[in-house]
């Protein structure tokens, strides 16, 4: 028998898919998590992405704490103990940006031979303005002054003390901190704050790293507080935010998923009072997920974690098919499992067809993420459908259920609400209310793709971060300038060319500071300019007098040519003595200009517009823009797929029937975002994805109702199957609400948006579904 | 380094009052002004002659210290609770706000301590040896921590009678500063107008 053969063939296919999946899992199945994979191919820029990752990683691994106490000694001891405890975990290393005595010595040794090519910005400006005398005076005042810090050796080699000035001019961030006996310190209102920094060896988003590092941190703080109760500790760093976030998500998802899974199982068991339907549903869903995953891995070779997440949700629709089949157990007229399947098959097939049309529309988008979601869902839904159609009747040994009368009567009430004349005022009221909510909400609808509003950052940590930034000075922004050139020298020149614009931005308050590799190692061109400037504007007019004033013998005659080669970036990087420089140079000709306290990205972008090879990279804004693109695309596709469904429905139900079938989901699609807008939410990609899902389940519910309506071909003259259908739709709605509607209670903004939209949309699709069926009383004209 | 010198300067005027048995202890209080001349010789290795400068100083308790160099060129240095400002011929060559240098506030704690005869803050950093005879006294300060990069000083010697008269600071590389204080007078009353102006200018940081 062909049906038997088909069932066996499907088993073989499922086994094959299962084997493929096992094989992939054994190979160590990982999912892509980078945003690059979600961008349309033509917009991908691997160099930019690499820079983005390098900078984000460097920033993300930084652990910063500020330890404060009214006693300097206690604060210092606590800071050192905390630092030691963190290092003892073996998961962090010293941040490497402390500027201790050894480091100063090493930097002195690196820069000293090249000093004639190094000028601080201020000194260079003075010399260019012909005010070299001020530099000479400054050196003299340091040599003679009561706070003279000049060292004899230095003064002999550098009588204008230009090198110390260059050092003071180096752009080190954390400007409010001062080294105090080896520890970076700031004193405020009698409290001494000591900076503790460390670098994570692992990723801040690894749960294990989070637990161990934060565990050690908290334990150390608790112990220190016991000894000195007045001790204050403020935290800053991605690892703290990530840990707080994952703690919240873990505790929330554990109760949400318990409630969702437990609720669904309990619901099915209570309704059917048998284990069979539960197992059937699990089988259909399990096969759907397995085949979907295996198949899309086969198709794409890899899968993005976002595709997995949304795809899994969309496959959840598949449970509607098996529930529809199972609900037929309440239909006493439907005898054998095969007959029951025959009753529901038209509805399920049509539901599948429309859903597949919807998801196939997602595949048209040039967005890899949407394509993966679509392929994953299409394969999963097909698999779930085939499982229901080919396997369930064969596996099913259940006889019709006898306990369903009350259930059927209850389910039938929804039909009556839409048909009985006595409910007419209530119906009108409901529709008016819906119309009002829709108009009010849609008029307030606004789009908001800002990813920052989707994150739920711990408010306590945000406050501590602000406190730290206020005390130690603006910290490095996640935004940065990426400088691209053919080689390091060209990149350094580019940076020197934009230094003026950046200084102006700093003056305007658009940024608080910046570090560019060229501040630490000027280009060879700039070093040559500096040497010429030094000779012409300072040594020429003032050197003899300066040496005489200092009591030094006249300078030896200038040697011809440049005996000392310019300092190169490679040399400075090679020794690793210059703090921050390593993080600013990503590769030859690929440099980062770090920005501190960026308040007006637009001003920075405008000031640098048109500068070749320099662009402001704003990972957060880029991600927001990406979400925006995905949102727009998803909305277009919803419209497209709704239109594509219409011909299928017209073929089946005629024009009027098709419009009636589309009506419930169309209303749900309009009112769900309206309610979200009334709740004060901006419309995001996550709302759009919920709408995709609402369209597919809504149309399914409508089709199920339309198929069982009195005028439908299957029902013509037959028994009234509508209450059974309504039980199925009712079950499908409840399970969907349990799995997605519950997400409305999530604290995570994105999940909450998705959940709330689903809650409203699916409930409405359910309530309005009977509208899809042709009215019981047909107009005489049509009869 | 700066911290030490500032500490010493603060100490110059008040140390005698703090010593156990000074010949004639002077106590400086709010409302008094100490003025005098100074001669500073900075001996630098490899330089044929010391860098010699001289000028006047004014100490106003609670307000700050003015250090006005007349030779070899005019230079004014003002140290106040808000920081240090140095000016040469009308050009500011150094300005260090106290907020950037936490030790400055510590310095004022030391200053207050010295006024009250409390030497513990200095004794936390130095081993102090004191000698005194009817003609005057002598005090030798040696850093407790050898080779401390934050304190590039090998030894400090203070000598004085009623007030501090000379200070010698020896640095690790062998460079040294010798300061002598002459014509010191302790007067009750407010600082002169120009002095008050300079002290006020330093507060604008």
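Protein chains in written order, with my numbering: chain B, 78 to 860; chain D, 12 to 216. Here a beta-carbon is modelled for each residue, glycine too, at the ideal position from N, C-alpha and C.
Residue pairing from DSSP places residue 82/D in a beta bridge opposite 65/D. Between the segment 588-596 of chain B and the segment 658-674 of chain B there are three or more inter-stretch CB-CB distances shorter than 8 Å, so the stretches are counted as touching. Rounded to the nearest angstrom, the Cβ distance from residue 846/B to residue 806/B is 6 Å, consistent with a contact under 8 Å.
Counted as a single uninterrupted DSSP element, the alpha helix (DSSP H) harbouring residue 294/B occupies residues 284-304. Inter-residue distance for residue 681/B and residue 758/B is about 30 Å (C-alpha atoms, whole angstroms). For residue 77/D, no Cβ of chain B is located within less than 8 Å of the residue's own Cβ.
Contact check for residue 774/B against residue 813/B passes: the beta carbons are separated by less than 8 Å. For residue 261/B, no CB of chain D lies under 8 Å from its own CB, so it is not counted at the interface with that chain.
If you check the CB distance, residue 514/B and residue 748/B come in under 8 Å.
Ranked by how close their Cα comes to the Cα of residue 388/B, the residues 93/B, 235/B, 449/B have 449/B in first place. If you ignore the 5 residues before and after residue 397/B, its C-beta comes within less than 6 Å of the C-beta of 777, 809, all in its own chain and listed in chain order. At a cut-off of 8 Å between beta carbons, residue 627/B contacts chain D. About 7 Å separates the Cβ atoms of residue 210/D and residue 202/D, confirming a contact at the 8 Å cut-off. Counting the other Cβ atoms within 10 Å of the Cβ of residue 44/D gives 16 or more, which makes it buried. Taking a C-beta distance under 8 Å as the contact criterion, residue 62/D and residue 70/D do not qualify as a contact pair. Bounds of the alpha helix (DSSP H) holding residue 85/B are 79-103. Annotated as distal: residue 755/B and residue 835/B, with beta-carbon spacing of 8 Å or more. With respect to the 8 Å criterion, residue 624/B and residue 632/B are classified as neighbours on the basis of their beta carbons. Taking residue 151/B as the centre and dropping the five residues before and after it, the same chain places the C-beta of 305 closer than 6 Å to its C-beta, in chain order. Contact check for residue 277/B against residue 169/B passes: the beta carbons are separated by less than 8 Å.
Taking a Cβ-Cβ threshold of 7 Å, the residues of chain D close to residue 211/B are 102, in chain order. For a Cβ distance threshold of 7 Å, residue set 229, 232 of chain B lies close to residue 55/D, ordered along the chain. For residue 502/B, the enclosing alpha helix (DSSP H) begins and ends at 501-521. Residues of the segment 168-187 of chain D with a C-beta less than 8 Å from any C-beta of chain B: 184, 186, listed in chain order. By DSSP's assignment, residue 681/B forms no beta bridge with any residue. Taking the Cα positions, residue 60/D is about 15 Å away from residue 50/D. Under DSSP, residue 462/B takes part in no beta bridge, so it has no partner. In the three-state reduction of the DSSP assignment, residue 600/B falls in the coil class, being assigned neither a helical nor a strand state. As DSSP reads the structure, residue 760/B sits in a beta bridge with 524/B. For residue 220/B, the residues of chain D that pass the 7 Å Cβ criterion are 62, in the order they occur in the chain. Sequence-distant partners of residue 695/B (beyond 5 residues in either direction) whose C-beta falls short of 7 Å from its own C-beta, in its chain, are 556, 678. Looking at the backbone, the Cα of residue 239/B and that of residue 205/B are separated by about 15 Å. With a cutoff of 8 Å on beta-carbon distance, residue 273/B and residue 144/B are scored as near each other. Using a Cβ distance threshold of 8 Å, residue 53/D and residue 193/D do not count as a contacting pair. Burial is judged here by how many other beta carbons sit within 10 angstroms of a residue's own beta carbon; residue 630/B has fewer than 16 and is exposed.
By the rule that beta-carbons nearer than 8 Å mark a contact, residue 154/D does not touch chain B.
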